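Notes to accompany the following structure.
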Amino acid sequence: MANTSLSFDNLVFSQFAFYAAVVLLKTLLMSTYTSRFRIAKKVFANPEDYLGGPKREIRQPPFDDDVERVRRCHLNDLENVLPFVLLGFLYVLTGPDPWIAALHFRMFTGCRIFHTIAYLTPLPQPSRFLGFVGGLIVNISMTISVLRVGIIIRVNRQ
Ligand SMILES: N[C@@H](CCC(=O)N[C@@H](CS)C(=O)NCC(=O)O)C(=O)O
Numbered sequence: 298m299a300n301t302s303l304s305f306d307n308l309v310f311s312q313f314a315f316y317a318a319v320v321l322l323k324t325l326l327m328s329t330y331t332s333r334f335r336i337a338k339k340v341f342a343n344p345e346d347y348l349g350g351p352k353r354e355i356r357q358p359p360f361d362d363d364v365e366r367v368r369r370c371h372l373n374d375l376e377n378v379l380p381f382v383l384l385g386f387l388y389v390l391t392g393p394d395p396w397i398a399a400l401h402f403r404m405f406t407g408c409r410i411f412h413t414i415a416y417l418t419p420l421p422q423p424s425r426f427l428g429f430v431g432g433l434i435v436n437i438s439m440t441i442s443v444l445r446v447g448i449i450i451r452v453n454r455q
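Sequence positions in the sequence shown follow the numbering used here and run 298 to 455.
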């Protein structure tokens with residue numbers, strides 16, 4: 298009988314918790330990385346963010362390529378890491394093989410770190426695309442596992 302508990306006694310859950318924390322931390326750090334560029338380039342989001350108050354009337358937030366790149370990278374993390382964390386919980390509840398589960402979690406984490414490196418360096422395409430697709434495949438695979446178990450349970454109940 299597979300262990301499906303959301304407890305650190307469950308090897309699959311403890312692996313999931315570790316890799317989820319890594320990608321969530323990476324996502325959190327994107328905010329500080331955005332701030333680093335904002336301060337270095339003096340490109341702030343709001344008039345009141347300028348030291349000593351706004352120097353002039355700012356109707357549109359100023360645009361800076363580096364700041365916007367980090368913001369896009371951060372948004373892409375939110376689009377992919379949050380589904381990973383939510384799906385991961387459901388996936389652990391299906392009682393997957395620990396080796397296959399670890400492969401999913403490691404591949405997702407590796408792909409998202411690579412996606413960030415590819416986005417921020419920037420590396421030539423299709424590097425970033427491959428990082429994105431690798432993570433997407435993991436999320437789709439976990440979704441299929443969850444749906445499969447859900448369908449089997451529904452069919453067996455009928
Ligand atoms: N929201 C994404 C959906 C597709 C996606 O995530 N594509 C990857 C691989 S090309 C990406 O890095 N997109 C750039 C981005 O989200 O800023 C977009 O607008 O591009």
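Cβ atoms here follow ideal geometry from the backbone N, Cα and C, with glycine treated the same way. Quick caveat, the model's predicted, so the values are computed rather than measured.
Going by DSSP, F315 is part of the alpha helix (DSSP H) stretching over L308 to K338.
Take N300, set aside five residues on each side of it, and the residues of its chain with a beta-carbon closer than 6 Å to its own are N307, in chain order. Minimum Cα-Cα distance from P358 among the listed residues V309, L390, A337 and P344 corresponds to P344.
DSSP places T406 within a helical segment (H, G or I) once states are collapsed to three. Contact annotation: L321 and V389 have beta-carbon atoms that are not nearer than 8 Å. Between A415 and R425, the C-beta spacing is below 8 Å. In terms of side-chain proximity, the C-beta atom of N436 is found no nearer than 7 Å to any non-hydrogen atom of ligand 1. DSSP places F426 within a helical segment (H, G or I) once states are collapsed to three. Around the beta carbon of G432, 16 or more other beta carbons lie within 10 angstroms, which makes this residue buried. Per the coordinates, the alpha-carbon of A399 lies some 19 Å from the alpha-carbon of V446.
No Cβ-Cβ contact shorter than 8 Å links H371 with S304. With fewer than 16 other CB atoms across the displayed protein chains lying within 10 angstroms of its CB, S302 is exposed. With fewer than 16 other CB atoms across the displayed protein chains lying within 10 angstroms of its CB, Y347 is exposed. Collapsing the DSSP output to three states places P344 in a helix. Residue environment for N377: buried (at least 16 other C-beta atoms within 10 angstroms of its C-beta). In terms of CA proximity to F405, L379 leads the group L417, R369, L379 and I336.
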